[in-house]
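Engineer:
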Amino acid sequence: MAHRTINFLNRISFMKLHNSSSSGVLLAVYMPPNIDIYENFQAGFYLFSWDLVSEEDGSFDSVKSCSLSFVPSEIIFNFCWSDETNLKSFPKLLKFYAVDECNVIWVYTFDTKRKSDRNIVGHHSSFINALVEQPESGLYLASVGDDNRCCLWTANEKNIKDNVVFHLTSPGINVLWNPKEPNKFMVAEKNGMIRFYSAESKKALFSLDSCQNLLSTSDWSSFNSLYVAAMVESDLTVFDTSKSNRPMLVEKVTDSGAVRLAWCPSVDYILTFVSRSKYQLTVLNVKSMKILFTMDLKLYRGFEWHTYLPHLYVADDMNIHIIDISSKI
Numbered sequence: 035m036a037h038r039t040i041n042f043l044n045r046i047s048f049m050k051l052h053n054s055s056s057s058g059v060l061l062a063v064y065m066p067p068n069i070d071i072y073e074n075f076q077a078g079f080y081l082f083s084w085d086l087v088s089e090e091d092g093s094f095d096s097v098k099s100c101s102l103s104f105v106p107s108e109i110i111f112n113f114c115w116s117d118e119t120n121l122k123s124f125p126k127l128l129k130f131y132a133v134d135e136c137n138v139i140w141v142y143t144f145d146t147k148r149k150s151d152r153n154i155v156g157h158h159s160s161f162i163n164a165l166v167e168q169p170e171s172g173l174y175l176a177s178v179g180d181d182n183r184c185c186l187w188t189a190n191e192k193n194i195k196d197n198v199v200f201h202l203t204s205p206g207i208n209v210l211w212n213p214k215e216p217n218k219f220m221v222a223e224k225n226g227m228i229r230f231y232s233a234e235s236k237k238a239l240f241s242l243d244s245c246q247n248l249l250s251t252s253d254w255s256s257f258n259s260l261y262v263a264a265m266v267e268s269d270l271t272v273f274d275t276s277k278s279n280r281p282m283l284v285e286k287v288t289d290s291g292a293v294r295l296a297w298c299p300s301v302d303y304i305l306t307f308v309s310r311s312k313y314q315l316t317v318l319n320v321k322s323m324k325i326l327f328t329m330d331l332k333l334y335r336g337f338e339w340h341t342y343l344p345h346l347y348v349a350d351d352m353n354i355h356i357i358d359i360s361s362k363i
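Counting from 1 along the sequence shown, just add 34 to a position and that's the residue number in the numbering used here.
In structure tokens form, the structure reads like this:
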């Protein structure tokens, strides 16, 4: 099993992966300004591109030099990429959204001349737990927070406005789009309810009930859009939305819940989660319930799957690990 590590000189606050045919693999690494910085690494964002020798065998090459670095005037607490990001054809563009300490959502754009632009999208009245842009079209940005709201922001040319607010019954933990069903989005609430909405009609479509409280994380499979998984208390809860709004699988897999859970987008039934207490990363086949890989993390800062390959990017303290699990599947 191939395993490479990118080393940094300071603690990472979070890492986000962007992977598409128009940009290749981009790693966004953020280090906050309220910690000691060594040598030439300042506080702020660092965007790195990661090359593969072959998309067929997935062999690793090396990390390219830093594509972009900048220091935002705000401390960033959350982040998501825009699918408008394009580094392989002209006009080249980097675009992403970020949340500051005042729960304000900003949109940043950088062009080929390193000219930057920053605008306010909107805000929540309390902590924003997740935000994500609609895949491909980028027409909408959805966000959820502790204020029991899901906001759907409409991008119309350069004007972004709060188009619709969906009132939730508890804090929103996750909001997700699915590239196979781009006009639907999913909202997972802390009370265990998972709801699906139409971006076109702005109405609720259906809901899933985990039958428990304290949902900590969830994901909607992009490989098979019928599958939804959530960590509710200590139980991995899996739904087949074509059969029932109740779980088809409830299995205790940790003693303390999870900080994040995500389906592998390139292989069916493969799922990863990081437990809340010991920061142990686990790769699991939910069909056989076989554990494929585990890794103890010193200080978890995020993980992401490669879109087309069974490669896992894991941020741990001052390192980013790139793990190929294809030999374990």
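Note that CB positions come from ideal geometry on N, CA and C, so glycine has one too.
Please classify S311: does DSSP put it in a helix, a strand, or coil?
Structural biologist: coil
Engineer: At what residue ranges does the region 155-224 contain a whole run of the beta strand (DSSP E), taking only runs of 3 or more?
Structural biologist: 162-167, 174-179, 183-190, 193-201, 206-211, 218-223
Engineer: Assuming contact is defined by CB atoms lying nearer than 8 Å, are L260 and T275 in contact in what I supplied?
Structural biologist: yes
Engineer: Can you name the residues that DSSP bridges to S256?
Structural biologist: Paired residue(s): none; S256 is not in a bridge.
Engineer: Looking only at its own chain, which residues have a Cβ that is under 7 Å from the Cβ of S161, when we skip the five neighbours before and after it?
Structural biologist: Here residue 161 is Phe; the residue named in the question, Ser, does not match the sequence. N137, G179, D180, listed in sequence order.
Engineer: Taking 8 Å as the threshold (C-beta atoms), are E135 and F113 in contact?
Structural biologist: Contact: no.
Engineer: Would you mind reading off the limits of the beta strand (DSSP E) that contains E267?
Structural biologist: Here E267 belongs to no beta strand (DSSP E), and DSSP marks it neither H nor E.
Engineer: So, using beta-carbon positions, are F307 and R294 closer together than 8 Å?
Structural biologist: yes
Engineer: Could you give the DSSP three-state label for S241: helix, strand or coil?
Structural biologist: The answer is strand: DSSP assigns S241 an E or B state.
Engineer: So what does DSSP say about K149, is it helix, strand or coil?
Structural biologist: coil
Engineer: Tell me where the beta strand (DSSP E) around E285 begins and ends.
Structural biologist: 283-286
Engineer: Once the 5 residues before and after G226 are set aside, which same chain residues still bring their CB inside 6 Å of it?
Structural biologist: S244, Q246, N247, L249, V266
Engineer: How big is the Cα-Cα spacing for A349 and Y64?
Structural biologist: 11 Å
Engineer: What's the C-alpha gap between S232 and V284?
Structural biologist: Their Cα atoms are separated by approximately 28 Å.
Engineer: I'd like to confirm the pairing. Which residues does DSSP put opposite M49 in its beta bridges?
Structural biologist: V63
Engineer: Thinking D115 and H52 are a contact (beta carbons under 8 Å), I'd like their distance in whole angstroms, please.
Structural biologist: A small correction: the amino acid at residue 115 is Trp; Asp does not occupy that position in the sequence shown. With 8 Å as the limit, W115 and H52 qualify as a contact, their Cβ atoms being about 4 Å apart.
Engineer: What residue range is occupied by the uninterrupted beta strand (DSSP E) comprising F42?
Structural biologist: It is not in any beta strand (DSSP E) - F42 carries neither H nor E in the DSSP assignment.
Engineer: With distances taken Cα to Cα, identify the nearest neighbour of E167 among D289, Y131, K149, V198.
Structural biologist: Y131
Engineer: Helix, strand or coil for K129 per DSSP?
Structural biologist: Reduced to three states, the DSSP call for K129 is strand.
Engineer: Measuring alpha carbon to alpha carbon, tell me which residue in N153, Y342, Y142 is nearest D302.
Structural biologist: Y342
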